[in-house]
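Taking it in order: structure first as structure tokens, then the write-up.
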Amino acid sequence: MSSQPTTTPTQQATKKPSSTLTALSILTVLIAVSLAFFIGYNTNNNNNKTTEEQHLTSQTANLFGLKRFFTTTTPAVSREISKTAASRKTAGGSSSEKMSRTPIYFLSHGGPNVMYQTDHPAYKKLGQIGKEITTKVKPKAVVVFSAHWQAGRDMIQVNTAEITDLIYDFYGFPSHYYKEKYPNVGSREVANKVLDLLGKAGIKAEGVKRGLDHGVWASFKCAFEPESNPLNVPIVQVSLFNNEDPVAHYRLGQAVSSLRDENILIIVSGMAVHNLRDLWFSRNDSRPLPYTTSFDEALKKAATAPPAEREQAMADLLKRPDARQAHPTFEHLLPIHIGAGAAGDDVGKRLWTMGEGSMSWAQFRFGQVANSSSSL
Numbered sequence: 360m361s362s363q364p365t366t367t368p369t370q371q372a373t374k375k376p377s378s379t380l381t382a383l384s385i386l387t388v389l390i391a392v393s394l395a396f397f398i399g400y401n402t403n404n405n406n407n408k409t410t411e412e413q414h415l416t417s418q419t420a421n422l423f424g425l426k427r428f429f430t431t432t433t434p435a436v437s438r439e440i441s442k443t444a445a446s447r448k449t450a451g452g453s454s455s456e457k458m459s460r461t462p463i464y465f466l467s468h469g470g471p472n473v474m475y476q477t478d479h480p481a482y483k484k485l486g487q488i489g490k491e492i493t494t495k496v497k498p499k500a501v502v503v504f505s506a507h508w509q510a511g512r513d514m515i516q517v518n519t520a521e522i523t524d525l526i527y528d529f530y531g532f533p534s535h536y537y538k539e540k541y542p543n544v545g546s547r548e549v550a551n552k553v554l555d556l557l558g559k560a561g562i563k564a565e566g567v568k569r570g571l572d573h574g575v576w577a578s579f580k581c582a583f584e585p586e587s588n589p590l591n592v593p594i595v596q597v598s599l600f601n602n603e604d605p606v607a608h609y610r611l612g613q614a615v616s617s618l619r620d621e622n623i624l625i626i627v628s629g630m631a632v633h634n635l636r637d638l639w640f641s642r643n644d645s646r647p648l649p650y651t652t653s654f655d656e657a658l659k660k661a662a663t664a665p666p667a668e669r670e671q672a673m674a675d676l677l678k679r680p681d682a683r684q685a686h687p688t689f690e691h692l693l694p695i696h697i698g699a700g701a702a703g704d705d706v707g708k709r710l711w712t713m714g715e716g717s718m719s720w721a722q723f724r725f726g727q728v729a730n731s732s733s734s735l
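Residue numbers (the working numbering): 360 to 735.
Written as structure tokens, this is what we have:
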């Protein structure tokens, strides 16, 4: 005969309070959850955050609200909440981790006549680069360094004015060149960021009022044609040093590199090969001169070198036998040193090149365009 389990009156009496306690615990949890989601745990520290950040902060704050509620009464539940909050934070990641750095572009800008030569291959390539910037990079501002602004030997100047006139820093062109307009506005806020970064890097710098020179606005008219592809963000121009030190300009780029983490685009404007004297002698012959080709390829090799080797490779360019032929003066080459310095660990890529007499139109980009398979 099998024995049946029996329940004593004492055991029955024990089960009733246990059931009641379980029900009360469940009710307590439900009340706590409701309170945690409606009491102001998620009201602090949400200023100046993105919607995604606010959502993550709200979730984490609500969970930590439950943690506070249960800390003294139910340690097991508290531990589980802590693990859940940590896993959500890890899965979500911080916004700085998610935000990709903006790339850097080196534009070979040519002369002011490029904006009228709409059938020139360089005009078309600048337009393609501009389209990539406006449709894929989508910066909130542009900081640009041009070969046509050199400040002091050890001093950098930054345009802090928001409204300025264009600078027509070229001679001997038809009168309508000097009536050209390019819509632009500066940003005192971005300019001050640049000045602050330069100061932290130990670089002497000052704010000034100065318009855009043709190294910026003429090439920007090709890249960001005001009617068909407007840039529509503030433009802050920064000078070069008035020296030919490649290392100093590389350091200048390193100093402002963190702007890229704030969705500010750095553009450096110069020319891959630039010999005006020989241009006049070979005006009717567009075939690239020997040094145009040799230096152009050397620049490609240096700019696309592994980041750990790039600074030295870029500096060595100025020591080449053909360097003074390709650049009788180095102001049109040094902007790419700034770009390479700002690139950090990002790799350089030559997007396109074309030798034309004593000029090379090579265009470069350092870094990738986020979430995009660039066709350039």
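Note that the Cβ used here is the ideal one computed from N, Cα and C, for glycine as well.
So the beta strand (DSSP E) residue i belongs to, where does it begin and stop?
i: Ile343; result: Residue 343 lies beyond the residue range present for the chain, which begins at 360 and ends at 735; the question has no answer from this structure.
i: His507; result: Ala500 to Gln509
i: Phe723; result: Gln722 to Phe725
i: Gln516; result: Met514 to Asn518
i: Leu466; result: Ile463 to Ser467
Residue i by DSSP, collapsed to three states: which one?
i: Ala420; result: With a pLDDT of only 34 at Ala420, under the threshold of 50, the placement of this residue in the model should not be trusted, and no figure is reported.
i: Gly700; result: helix
i: Glu715; result: strand
i: Gln613; result: helix
i: Lys540; result: coil
i: Ser747; result: Because the chain in this structure spans residues 360 to 735, residue 747 falls outside the shown range and cannot be described.
i: His573; result: helix
i: Ser626; result: Rather than Ser, the amino acid found at residue 626 in this sequence is Ile. It is a strand residue.
i: Ser598; result: strand
i: Val742; result: Residue 742 lies beyond the stretch modelled for the chain, which goes from 360 to 735, so this question has no answer here.
i: Phe640; result: helix
i: Val706; result: coil
i: His479; result: coil
i: Val592; result: coil
i: Gln413; result: With a pLDDT of only 38 at Gln413, under 50, the local geometry of the prediction cannot be trusted, and the value read off the model is given with reservation. Helix.
i: His691; result: coil
Hey, residue i and residue j are a contact pair by Cβ (cut 8 Å); roughly how many whole angstroms apart?
i: Ser578; j: Leu466; result: 5 Å
i: Lys499; j: Val592; result: 6 Å
i: Leu648; j: Ser641; result: 7 Å
i: Leu658; j: Ala701; result: That pair is no contact at about 17 Å.
i: His633; j: His696; result: With a Cβ gap of about 14 Å, His633 and His696 do not count as contacting.
i: Ala661; j: Leu676; result: 5 Å
i: Pro605; j: Ala674; result: 4 Å
i: Leu590; j: Val501; result: 7 Å
i: Tyr541; j: Lys580; result: 6 Å
i: Ile526; j: Phe725; result: Wrong, their Cβ atoms sit about 27 Å apart, outside the cutoff.
i: Arg512; j: Asn602; result: 5 Å
Indicate, with yes or no, if the ligand ZN has a heavy atom lying under 7 Å from the CB of residue i.
i: Ser617; result: Of the ligands one can find in the structure shown there are none, so the ligand ZN has no counterpart to examine.
At which residues does the alpha helix (DSSP H) containing residue i begin and terminate?
i: Pro666; result: Pro666 to Leu676
i: Ala682; result: Ala682 to Ala685
- Touching by the beta-carbon criterion (3+ pairs, under 8 Å), the segment 516-534 and the segment 469-478: Enough Cβ pairs lie closer than 8 Å, so yes.
- Can you find at least 3 beta carbon pairs, one from the segment 506-515 and one from the segment 567-583, that sit closer than 8 Å? Flag = yes, the segment 506-515 and the segment 567-583 touch.
- Message: For the structure I just gave you, are there three or more beta carbon pairs, one from the segment 700-720 and one from the segment 519-529, closer than 8 Å?
- Response: Touching, no, given that fewer than three Cβ pairs across the two stretches are closer than 8 Å.
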